[in-house]
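Asks: These protein sequence lines are chains X and S, in that order.
Note that my numbering gives residue 411 to position 411 of the first sequence, counting from 1, and the numbers run on in steps of one.
Note that my numbering gives residue 1305 to position 305 of the second sequence, counting from 1, and the numbers run on in steps of one.
Just so it is clear, CB atoms sit at the ideal spot from N, CA and C, and this is done for glycine as well.
Have a look at the structure that comes next, please.
Number of protein chains: 2
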Amino acid sequence: MQIFLLCTIFFTFFITINAWYYGRAEPNAWTTGGVWPLPWQITYFPGNHTVNPSLFRLQAKTPGCDIIDKAIQRYRTLAFPGFNAATYQGDQGTLTSIIINVASSCPTGVPTFDMDESYSLSVTSANGIGIIQANQVWGALRAIETFSHLVFLPKDNVYMVRTANVTDKARFPWRGIMVDTSRHFIPVGTLLQNLDLMAQNKMNVFHWHIVDSEAFPYPSIRYPDITAKGAYSPKHQYTVDDVKKVIDYARLRGIRVVAEFDTPGHTGSWGYGVPNLVSQCYDSNGKPSILPNILDPTLQANLDFLKGFFGEALQMFPDEYMHFGGDEVLEDMTDCWYNNPQVRARMQQLGVGSDTGKLLNYYWQKFFDIIDSVRNGTKKIVWQEVLDQNVPQENTIAHVWKGSTLSEVYSEMYNVTKAGHYAILSSCWYLNYIKYGADWGYVNEENMRDRGMYYQCDPQGFPGDQTQKAAIWGEFVDATNLIDRLWPRASAVAERLWSDPALTQSADAAWPRLHEFRCRLVYRGFRVQTINDPDYCPYEWDEKYQEL
Amino acid sequence: MQIFLLCTIFFTFFITINAWYYGRAEPNAWTTGGVWPLPWQITYFPGNHTVNPSLFRLQAKTPGCDIIDKAIQRYRTLAFPGFNAATYQGDQGTLTSIIINVASSCPTGVPTFDMDESYSLSVTSANGIGIIQANQVWGALRAIETFSHLVFLPKDNVYMVRTANVTDKARFPWRGIMVDTSRHFIPVGTLLQNLDLMAQNKMNVFHWHIVDSEAFPYPSIRYPDITAKGAYSPKHQYTVDDVKKVIDYARLRGIRVVAEFDTPGHTGSWGYGVPNLVSQCYDSNGKPSILPNILDPTLQANLDFLKGFFGEALQMFPDEYMHFGGDEVLEDMTDCWYNNPQVRARMQQLGVGSDTGKLLNYYWQKFFDIIDSVRNGTKKIVWQEVLDQNVPQENTIAHVWKGSTLSEVYSEMYNVTKAGHYAILSSCWYLNYIKYGADWGYVNEENMRDRGMYYQCDPQGFPGDQTQKAAIWGEFVDATNLIDRLWPRASAVAERLWSDPALTQSADAAWPRLHEFRCRLVYRGFRVQTINDPDYCPYEWDEKYQEL
Chain X
1 MQIFLLCTIF
11 FTFFITINAW
21 YYGRAEPNAW
31 TTGGVWPLPW
41 QITYFPGNHT
51 VNPSLFRLQA
61 KTPGCDIIDK
71 AIQRYRTLAF
81 PGFNAATYQG
91 DQGTLTSIII
101 NVASSCPTGV
111 PTFDMDESYS
121 LSVTSANGIG
131 IIQANQVWGA
141 LRAIETFSHL
151 VFLPKDNVYM
161 VRTANVTDKA
171 RFPWRGIMVD
181 TSRHFIPVGT
191 LLQNLDLMAQ
201 NKMNVFHWHI
211 VDSEAFPYPS
221 IRYPDITAKG
231 AYSPKHQYTV
241 DDVKKVIDYA
251 RLRGIRVVAE
261 FDTPGHTGSW
271 GYGVPNLVSQ
281 CYDSNGKPSI
291 LPNILDPTLQ
301 ANLDFLKGFF
311 GEALQMFPDE
321 YMHFGGDEVL
331 EDMTDCWYNN
341 PQVRARMQQL
351 GVGSDTGKLL
361 NYYWQKFFDI
371 IDSVRNGTKK
381 IVWQEVLDQN
391 VPQENTIAHV
401 WKGSTLSEVY
411 SEMYNVTKAG
421 HYAILSSCWY
431 LNYIKYGADW
441 GYVNEENMRD
451 RGMYYQCDPQ
461 GFPGDQTQKA
471 AIWGEFVDAT
481 NLIDRLWPRA
491 SAVAERLWSD
501 PALTQSADAA
511 WPRLHEFRCR
521 LVYRGFRVQT
531 INDPDYCPYE
541 WDEKYQEL
Chain S
1001 MQIFLLCTIF
1011 FTFFITINAW
1021 YYGRAEPNAW
1031 TTGGVWPLPW
1041 QITYFPGNHT
1051 VNPSLFRLQA
1061 KTPGCDIIDK
1071 AIQRYRTLAF
1081 PGFNAATYQG
1091 DQGTLTSIII
1101 NVASSCPTGV
1111 PTFDMDESYS
1121 LSVTSANGIG
1131 IIQANQVWGA
1141 LRAIETFSHL
1151 VFLPKDNVYM
1161 VRTANVTDKA
1171 RFPWRGIMVD
1181 TSRHFIPVGT
1191 LLQNLDLMAQ
1201 NKMNVFHWHI
1211 VDSEAFPYPS
1221 IRYPDITAKG
1231 AYSPKHQYTV
1241 DDVKKVIDYA
1251 RLRGIRVVAE
1261 FDTPGHTGSW
1271 GYGVPNLVSQ
1281 CYDSNGKPSI
1291 LPNILDPTLQ
1301 ANLDFLKGFF
1311 GEALQMFPDE
1321 YMHFGGDEVL
1331 EDMTDCWYNN
1341 PQVRARMQQL
1351 GVGSDTGKLL
1361 NYYWQKFFDI
1371 IDSVRNGTKK
1381 IVWQEVLDQN
1391 VPQENTIAHV
1401 WKGSTLSEVY
1411 SEMYNVTKAG
1421 HYAILSSCWY
1431 LNYIKYGADW
1441 GYVNEENMRD
1451 RGMYYQCDPQ
1461 GFPGDQTQKA
1471 AIWGEFVDAT
1481 NLIDRLWPRA
1491 SAVAERLWSD
1501 PALTQSADAA
1511 WPRLHEFRCR
1521 LVYRGFRVQT
1531 INDPDYCPYE
1541 WDEKYQEL
């Protein structure tokens, strides 16, 4: 059956890639019911179901769980975009319902690292009733999304469903997207839309890089000045309700929200509202140099502040993990610690002499103690250089962002995991590899279009043993506010992180399914960019206009 | 006064660029009333007007001209985005109206190459009545847009207008944007939104690259099969009403629509509906090679077809100019003419022997005769290689797209104009120079961010005499369907083509105004990308969402 599947993929690919090569992509979208990201096992059977969206029902075997009940409501539209009940002329449908059967009880809290996203889905039954089976609600959410991909439109306002059996699970437990809301403030509606797109790509971690040097949109209740003075403007702040809304919206979609408060560097915007929190910076002649952008750990008041601040933040963000940054501190350590006479005097008192490296170690030691004291058991993520700098490492997770070619990336991953760390890989998946044209994955080295390495990069592609490789997770990084650029590039990463690597080696083979999925997202109402050049969707995005 | 203006610009720039450099762009948007593109003469006076958008009126001195009347309606919203009459708490306004005085009568037809876009605008009068003075309605449209840029919001729902005198005109008579609707079909609403953005950037030529090898969305009435079989699908065709709507929408905004029907190459999609129009292609061994993509001019039936087809097309598009393509034919000339036995036999009969260059010359001679016979006086534009290939040149305009560095571009321009041609420059302004980050213009060679050459490139930057330089026009080329990527990059080109070059040398100086203008467009409802990294607007774009 796998051979059959592979042949189908190959044949589809053969037709479409040729059509594409010669300039006319066939409208394969909405005519195949292909699933993105590719399930670990999917078997298609001959014959399709008809379905009448007015009569069809997704049904929880045990109703009353908000996560499932609301998903059922959402997918009434998501599964059948463009449906018009008034003009519907199809039949009653041979598929009438899908029963959703979840083994464990409805979670009241947010999803956690060990969430079980596996599921099975069967729409093969002759009685017109399909079945979703999952251990946890999170698997059921993924199953419903998969079901919605089996739907296709043979013509306008007519819906069919592929007859198929699916058994599926996540390859990596951490499939994230980092969004920076500091350099450019991103209003809540856009963040929520991004969560919708993440869920529809089966991604499960929203890494919220919420503050940085430039601005402080995070709403602190205990320290209102840090927000009032650190945000770009009163319009460029989140409210506590906004943060709660994001966390809840994410929870309903099986997505964890992991906040990042980058310290001790990148803290310029923290300093506007908290006196003496960041230290003044000087060049080697004692003249003012760069803007203050690093915490001053030599003042006890600052350590007290951190305890108060993170006591609040770790309540606001219930996820077990939090990201504490730690990148790019070297220049600041020289100018704002070493060259600052007051800081240097206090360094002597602390017994670190003039060694800023020792002060950095002192900082992390104190900082992690503080974190443990305000919420014991917090899992701590830091950017990789914190570990490169040999600061205290026990149980911290390294976020790897270095390496600009595949072999450099693989060598970074090898080293980090060799040292015994869990690691989140992002090096391959920075949005700044964006290129003109189709850049989500390249066909081969000889191909005249360099289509980028988003799809090509495999987090376990480095040489190393299974223990090392098991320690890897993955995350896409968007440091702009251009969420419309992010998709469908991040979709390529979503498949890399979800699917069986043996079945997803080639961007060529992925292309027709990704094209179809992109068209599906467009018809659902998301302005997602094209993946090919040229191509077309059965239903194109258009703008509204006023005749004047 | 010019010194004063320059100082103001310099001071504004000094403050903002520093703020930006250190990571916190101040919200200069909506607090300065800066104009984009920069007028040739603008004098600001101390003190601002207040304005009550409910009471304020733009008034035509002679009402009844649809172009002005509809503009007045549009700018009720465009000039005061976000206005809420119900919650307005401002005063009656010290500026109560602007009288629009146009010297010549209302044109019933479309704008033409020699349209006069000059105007003056004064909002200095003590009696609260401003004045727009223009020779033609087109100048009045530009004046109204300029007025709308003098409006700013000191706080929410409060509007003020800078006190200023403006005298302005276009630097180049042709300020175009090319959009390709073949490789990716672009629905009408998106084309119309693009026309709105063009008008708000004072651009005046929509170069509609409507068909190409991939697809034929142009609606021919006389040859319905060419559309039915050449378009991607019935959903990927324009109707005649669509084309009329685009032309009329453009006319109301002072924009010409210049269609391009690229021949004799790039015609693959023409061939699906017209038997024998494009010839079969073979390699040197006589085996089928590339897909047919070049017209066969050796058949009289094809020349007859061209006469019928362009007889219709030149009625559909009333502009005096039409673009006939002519690029990238060499491979097709070999494979589909020289290597095609039937074509080669007919070449003998035509007396061009085996010389495909001569056949190309024959084609253009016949083709231009046909164009003259169906609409005498048509101005013919071709891509530069048609002239490079020494085909008949009289009165044709060269569209220059070669050259990938500034010096290469300038050398192309020098050669083309030296040969006595009018020329449209596009080499600098291809969207495929898109980069990560701010890429619309670079500060200087030493700057670590390469911000691209969109702003830097000056169409008259090449060495040459005034006659040569006077023959140049400019056009931005978007060969994707990503109109949201186009802006505000095309805005950089808009200023280059409209404004006094002496006042617009530096992307640094342009930056604060372009930032403000981009924020204005966002608040007007256009999803236009950021120009800086980091930055923010007083009113950010957000997506709508449903709580579920």
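For F1517(S), return the contacting residues in chain X, with the cut-off set at a CB-CB distance below 7 Å.
Replies: Going along chain X, no residue has its Cβ under 7 Å from F1517(S), so there is no contact; the nearest lies around 17 Å.
Asks: State yes or no: is the beta carbon of L192(X) nearer than 8 Å to at least one beta carbon in chain S?
Replies: Closer than 8 Å: yes.
Asks: Please report whether the beta-carbon of F185(X) lies at a distance below 8 Å from any beta-carbon of chain S.
Replies: By this cut-off, F185(X) is an interface position.
Asks: Against chain S, with Cβ distances strictly below 8 Å, would R74(X) count as a contact?
Replies: Cβ-Cβ to chain S under 8 Å: yes for R74(X).
Asks: Just to confirm, are R1251(S) and P1111(S) a CB contact at a threshold of 8 Å?
Replies: Yes, the pair counts as a contact, with Cβ atoms nearer than the cut-off.
Asks: Under 7 Å Cβ-Cβ, which residues of chain X neighbour G1189(S)?
Replies: Correct list: D542, E543, K544, Y545.
Asks: K229(X) touches chain B at which residues, Cβ-Cβ below 9 Å?
Replies: The chain inventory of the structure shown lacks chain B, comprising the protein chains X and S.
Asks: Just the chain S side, please: which residues come within less than 8 Å of P488(X) by C-beta, in chain order?
Replies: Here the premise fails: no neighbours, minimum Cβ distance about 13 Å.
Asks: Using the three-state DSSP reduction, which class does H1421(S) fall into: helix, strand or coil?
Replies: DSSP places H1421(S) in coil when its eight states are reduced to three.
Asks: Do we get a CB-CB distance below 8 Å when we pair H236(X) with the residues of chain S?
Replies: Yes, H236(X) counts as interfacial toward chain S.
Asks: Under 7 Å Cβ to Cβ from Q237(X), same chain only, skipping five residues before and after it: list those, please.
Replies: The residues are P217, P219, T227, A231.
Asks: Residue range of the beta strand (DSSP E) that T1239(S) falls in?
Replies: Run containing T1239(S): none; DSSP gives neither H nor E here.
Asks: Can you confirm whether R1058(S), when its beta carbon is compared against all beta carbons of chain X, has any partner nearer than 8 Å?
Replies: Residue identity check: residue 1058(S) is Leu in the sequence provided, not Arg. It does not: the Cβ of L1058(S) has no partner Cβ on chain X nearer than 8 Å.
Asks: Helix, strand or coil for W1611(S), going by three-state DSSP, please let me know.
Replies: Since the first and last residues shown for chain S are 1001 and 1548, residue 1611(S) lies out of range.
Asks: When DSSP builds the beta bridges, which residues end up paired with N1165(S)?
Replies: Looking at the DSSP assignment, N1165(S) forms a beta bridge with T1043(S), S1122(S).
Asks: Which residues in chain X have a C-beta closer than 7 Å to the C-beta of L1548(S)? List them in chain order.
Replies: Residues of chain X passing the Cβ test: K70, Q73, R74.
Asks: Using a C-beta cutoff of 8 Å, does Y159(X) count as contacting chain S?
Replies: Taking Cβ atoms only, chain S never reaches closer than 8 Å to Y159(X), which makes this a no.
Asks: Relative to the alpha-carbon of Q193(X), which residue among I531(X), E145(X), L521(X) has its alpha-carbon at the smallest distance?
Replies: Checking every option, the nearest Cα to that of Q193(X) belongs to L521(X).
Asks: Quick one: grab the DSSP three-state call for I1099(S).
Replies: I1099(S) falls in the strand class under three-state DSSP.
Asks: State buried or exposed for A259(X), treating a residue as buried only when at least 16 other CB atoms are found within 10 Å of its CB.
Replies: Buried: at least 16 other Cβ atoms inside 10 Å.
Asks: Using 10 angstroms around the beta-carbon of G1357(S), count the other beta-carbons present and answer buried if the total reaches 16, otherwise exposed.
Replies: Label assigned to G1357(S): exposed.
Asks: If you reduce the DSSP assignment to three classes, tell me which class L359(X) lands in.
Replies: In the structure shown, L359(X) sits in a helix (DSSP, three-state: H, G or I).
Asks: By the 8 Å beta-carbon criterion, what residues does the segment 312–339 of chain X contribute toward chain S?
Replies: If the cut-off is 8 Å between Cβ atoms, the segment 312–339 of chain X has nothing near chain S.
Asks: For the segment 1354–1367 of chain S, list every residue whose C-beta sits within 8 Å of some C-beta in chain X, in sequence order.
Replies: Per Cβ criterion, the list is empty.
Asks: Measuring straight from C-alpha to C-alpha, what distance separates K1047(S) and T1163(S)?
Replies: With the sequence shown as reference, residue 1047(S) is identified as Gly, and Lys is not the correct amino acid for it. Roughly 7 Å between the two C-alpha positions.
Asks: Using three-state DSSP, classify E412(X) as helix, strand or coil.
Replies: If DSSP states are grouped into helix, strand and coil, E412(X) belongs with the helices.
Asks: Would you say T530(X) lies against chain S (beta-carbon separation less than 8 Å)?
Replies: Closer than 8 Å to some Cβ of chain S, the Cβ of T530(X) qualifies, so yes.
Asks: When we look at the beta-carbon of A1510(S) and count the other beta-carbons within 10 Å, is it buried (16 or more) or exposed?
Replies: Answer is buried; the Cβ neighbour count reaches 16.
Asks: Please state whether the Cβ-Cβ distance between Y159(X) and V166(X) is less than 8 Å.
Replies: No, the Cβ-Cβ distance between Y159(X) and V166(X) is not below 8 Å.
Asks: How long is the line joining the alpha carbons of L1516(S) and Q1529(S), rounded to whole angstroms?
Replies: It should be noted that the sequence gives Glu, not Leu, for residue 1516(S). Taking the straight line joining both Cα atoms gives about 13 Å.
Asks: Which whole-angstrom value describes the C-beta separation of K1402(S) and S1373(S), a residue pair presumed to lie in contact below a C-beta threshold of 8 Å?
Replies: Incorrect: roughly 32 Å between the Cβ atoms, too far for contact.
Asks: Would you kindly work out how many angstroms separate the C-alpha atoms of Q41(X) and R142(X), rounded to a whole number?
Replies: If I take the Cα positions, the gap works out to 14 Å.
Asks: Check Y1251(S) in the structure and name its three-state DSSP category.
Replies: Looking at the sequence provided, one finds Arg at residue 1251(S) rather than Tyr. R1251(S): helix per DSSP, three-state reduction.
Asks: If you follow the beta strand (DSSP E) that K1544(S) is in, where does it begin and where does it stop?
Replies: Counting along the chain, K1544(S) falls outside any beta strand (DSSP E), and DSSP gives it neither H nor E.
Asks: Could you give the C-beta distance for S1118(S) and G1139(S), rounded to a whole number, given that I count them as a contact under 8 Å?
Replies: At roughly 5 Å, the Cβ-Cβ gap stays under 8 Å, so S1118(S) and G1139(S) are in contact.
Asks: At the level of alpha carbons, what is the spacing between V35(X) and G1420(S)?
Replies: When rounded, the distance between both Cα atoms is 58 Å.
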